[in-house]
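Novice: Heads up, the sequence shown is in the working numbering, so the first residue is 419 and it goes up one at a time.
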Amino acid sequence: MKIAVIPGSFDPMTVGHIDIIRRSLKIFDKVIVAVMINDKKSYMFSLDERYEIARLSCEGLENVEVIADRGLLSELADRVGACAVVKGVRNEDDYRYEAEMAYYNRFKNPRVETLIMPCDNALDSVSSTELRRRIADGRDISDIISANAVTYIDGLIKEKGICKK
Ligand code: PNS
419 MKIAVIPGSF DPMTVGHIDI IRRSLKIFDK VIVAVMINDK KSYMFSLDER YEIARLSCEG
479 LENVEVIADR GLLSELADRV GACAVVKGVR NEDDYRYEAE MAYYNRFKNP RVETLIMPCD
539 NALDSVSSTE LRRRIADGRD ISDIISANAV TYIDGLIKEK GICKK
């Protein structure tokens with residue numbers, strides 16, 4: 419069975435991420451979405467919250483498992499039996515960042531290859547950064563998140579008081 423890991427911060431997961439997950443399922447038998455911590459980032463949502471948003475967003479997608487992990491991607495890939503990591507990119511900046519991550523992860527675990535997948539043209543303006551900006555401004559986010567996650571995210575926004583308006 420060919421298993422891919424799709425790792426990321428997913429702060430929070432967008433429809434762009436979901437498109438990459440769906441397209442990866444054309445190549446792999448199973449996709450493990452790993453919600454992780456990048457030490458260089460500060461987050462709007464906690465690991466548990468990001469995991470729950472990702473889990474709800476992937477509900478109904480067959481052969482997809484969502485996990486949260488605090489460790490290294492190179493070690494996680496071995497633990498879950500993945501032969502590849504898939505990362506989506508929207509532009510050259512994303513590509514450069516992901517290529518650097520891929521070199522690092524391959525150095526740590528040469529068994530696992532990283533595949534960089536260009537995003538769907540229609541989704542190239544969708545990002546977690548844009549999503550967080552809209553949340554902070556109190557703007558509508560329903561077009562860029564999964565319908566399954568709307569109620570949960572709305573609850574978090576109220577509970578955490580992260581909307582400036
Ligand atoms: O795109 P992201 O949000 O930076 O993805 C997060 C992650 C952890 C997948 C990425 O930063 C990565 O591949 N890092 C490699 C080092 C690692 O495994 N770090 C995790 C603990 S700091």
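Glycine included, every Cβ here is placed at the ideal spot set by N, Cα and C.
If you check the beta carbons only, do Met462 and Ile580 fall under 8 Å apart?
Specialist: Yes, the Cβ-Cβ distance between Met462 and Ile580 is below 8 Å.
Novice: Mapping DSSP to helix, strand and coil, what is Met535?
Specialist: In the structure shown, Met535 sits in a strand (DSSP, three-state: E or B).
Novice: Would DSSP call Val568 helix, strand or coil?
Specialist: Residue state, collapsed to three classes: helix.
Novice: Which residues in the same chain as Val484 place their Cβ atom closer than 6 Å to its Cβ, once the five residues preceding and following it in sequence are excluded?
Specialist: Hits under 6 Å: Val451, Ala472, Arg473, Cys476.
Novice: Relative to ligand 1, is the shortest distance from any of its heavy atoms to the C-beta of Ile485 smaller than 7 Å?
Specialist: No, the beta carbon of Ile485 sits no closer than 7 Å to any heavy atom of ligand 1.
Novice: Who are the near neighbours of Thr532 in its chain, counting only those whose CB is closer than 8 Å to its CB and skipping five residues on each side?
Specialist: The residues are Ala502, Val503, Val504, Lys505, Glu516, Met519, Ala520, Asn523, Arg524.
Novice: May I have the straight-line CA-CA distance separating Asp429 from Lys458, to the nearest angstrom?
Specialist: Looking at the two C-alpha atoms, the distance is approximately 13 Å.
Novice: Could you tell me the distance, in whole angstroms, from the CA atom of Asp447 to the CA atom of Leu494?
Specialist: Approximately 18 Å between the Cα atoms of the pair.
Novice: Measure the Cβ-Cβ separation of Ala554 and Lys582 and say whether it is below 8 Å.
Specialist: Yes, these two residues count as a Cβ contact at 8 Å.
Novice: May I ask whether a heavy atom of ligand 1 can be found less than 7 Å away from the beta carbon of Met431?
Specialist: False, no ligand heavy atom lies under 7 Å from that Cβ.
Novice: Please state the DSSP three-state secondary structure of Gly499.
Specialist: In this structure, Gly499 counts as coil in the three-state DSSP scheme.
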